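K.L.:
Please read through the structure below; I'll follow up with questions.
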Amino acid sequence: MLTGFEPFGAHRVNSSWEAVKIVAAANAAHVCAARLPVRHRLARARLVTLLAEHRPSICLLTGLAPGDAIRIERSARRPPELHHIAGARRLAGHWPWTELAKAAASAFPRVRFSDDAGRYVCESTYWSLLAYREQWGLPRDAAFVHLPPLSHRVGVLALAEVLNGILEARLAGSGLTGAATPRPPEATVAAAERRSP
Numbered sequence: 617m618l619t620g621f622e623p624f625g626a627h628r629v630n631s632s633w634e635a636v637k638i639v640a641a642a643n644a645a646h647v648c649a650a651r652l653p654v655r656h657r658l659a660r661a662r663l664v665t666l667l668a669e670h671r672p673s674i675c676l677l678t679g680l681a682p683g684d685a686i687r688i689e690r691s692a693r694r695p696p697e698l699h700h701i702a703g704a705r706r707l708a709g710h711w712p713w714t715e716l717a718k719a720a721a722s723a724f725p726r727v728r729f730s731d732d733a734g735r736y737v738c739e740s741t742y743w744s745l746l747a748y749r750e751q752w753g754l755p756r757d758a759a760f761v762h763l764p765p766l767s768h769r770v771g772v773l774a775l776a777e778v779l780n781g782i783l784e785a786r787l788a789g790s791g792l793t794g795a796a797t798p799r800p801p802e803a804t805v806a807a808a809e810r811r812s813p
């Protein structure tokens, strides 16, 4: 399962959802994709519903963050907005981190690890994913990746390749079939290029 977020604030285009759409369109048979709202409780409710419905073994959440690097978030803190939800104050992600970093770096030049997911809806949604995993044992692999905003230096196709590579590596590493295809259909590429600033 793969998620991104809707546009918010000054970001009329959210790079996370634009990249997720491309990967999902190229892998419709294997990837469940969803756009989450940028509101703490609504995002959590939507995510939990999707997890219960699809029971994915792999779930990669994505969001937008300032800067020009891919940020691999290794943990999440429970935000005040979700104080009523049971769970530890900080929960660790579950993913082979070196594998993830190598896959991302093969498609993007700037990749770094982070233990501060931002204290916003991105982090609260990540915490919700990890709390769900703690309670139900699924998904087996759960992580969050922050993507930079789209710009003349950062194109949506490059970000889609990052996500595609991460999923391919995890599918191959876990022995699952149905790895992501390396290139999206031409129609999807053309549409994405028209949307890129």
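By the numbering used here, the letter at position 40 of the sequence shown is numbered 656, and the numbering carries on one by one without gaps.
Just so you know, even glycine gets a beta-carbon here, dropped at the ideal spot from N, CA and C.
Bear in mind the structure is a predicted one, so any value in this text is a computation, not a measurement.
May I ask you to report which of helix, strand or coil DSSP gives E634?
P.N.:
helix
K.L.:
Under 8 Å, do L676 and P765 count as touching if we go by C-beta distance?
P.N.:
It is not a contact, given that the beta carbons lie outside the stated cut-off.
K.L.:
Would you identify the three-state DSSP class for I688, choosing helix, strand or coil?
P.N.:
strand
K.L.:
Output needed for A685: all residues of its chain with C-beta closer than 6 Å, excluding positions within five of it in sequence on either side, in chain order.
P.N.:
Taking C-beta separations shorter than 6 Å and ignoring five residues to either side along the sequence, the partners of A685 in its chain run R726, R728, following chain order.
K.L.:
By Cβ distance, which residues of its chain are closer than 7 Å to P712, with the 5 residues on each side in sequence left out?
P.N.:
G789
K.L.:
So, is G683 buried or exposed, given that buried needs 16 or more other C-beta atoms within 10 angstroms?
P.N.:
exposed
K.L.:
Which residues does DSSP list as the beta-bridge partners of S730?
P.N.:
Answer is E689, bridged to S730.
K.L.:
How should T741 be labelled, buried or exposed, when 16 other C-beta atoms within 10 angstroms of its C-beta is the threshold for buried?
P.N.:
Buried is the call here.
K.L.:
Using three-state DSSP, classify C648 as helix, strand or coil.
P.N.:
coil
K.L.:
Would A650 pass as a contact of R662 if the rule is Cβ separation under 8 Å?
P.N.:
The Cβ atoms of A650 and R662 lie closer than 8 Å to each other.
K.L.:
Tell me the DSSP secondary structure of P657 in three-state form.
P.N.:
According to the sequence shown, residue 657 is Arg rather than Pro. Of the three classes helix, strand and coil, the one that applies to R657 here is helix, per DSSP.
K.L.:
Please go through the same chain and pick out, in chain order, the residues whose beta-carbon is closer than 7 Å to the beta-carbon of L745, but skip the five residues on each side of it.
P.N.:
Closer than 7 Å at Cβ, skipping near neighbours: L663, C675, L677, A758.
K.L.:
Can you give me the C-alpha to C-alpha distance between R735 and E669, rounded to a whole angstrom?
P.N.:
27 Å
K.L.:
If you compare alpha carbons, which of A704, R694, H710 is closest to V737?
P.N.:
Among A704, R694, H710, the Cα nearest to that of V737 belongs to R694.
K.L.:
The ligand ATP heavy atoms versus the CB of R657: any closer than 7 Å?
P.N.:
Of ligands this structure carries none, so the ligand ATP is not represented either.
K.L.:
If you follow the alpha helix (DSSP H) that G679 is part of, which residue opens it and which one closes it?
P.N.:
Note, G679: premise wrong, no alpha helix (DSSP H); beta strand (DSSP E) at 674-680.
K.L.:
Roughly how many whole angstroms lie between the Cα atoms of G771 and R706?
P.N.:
33 Å
K.L.:
When DSSP labels each residue in this structure, what does G625 get in the three-state scheme?
P.N.:
coil
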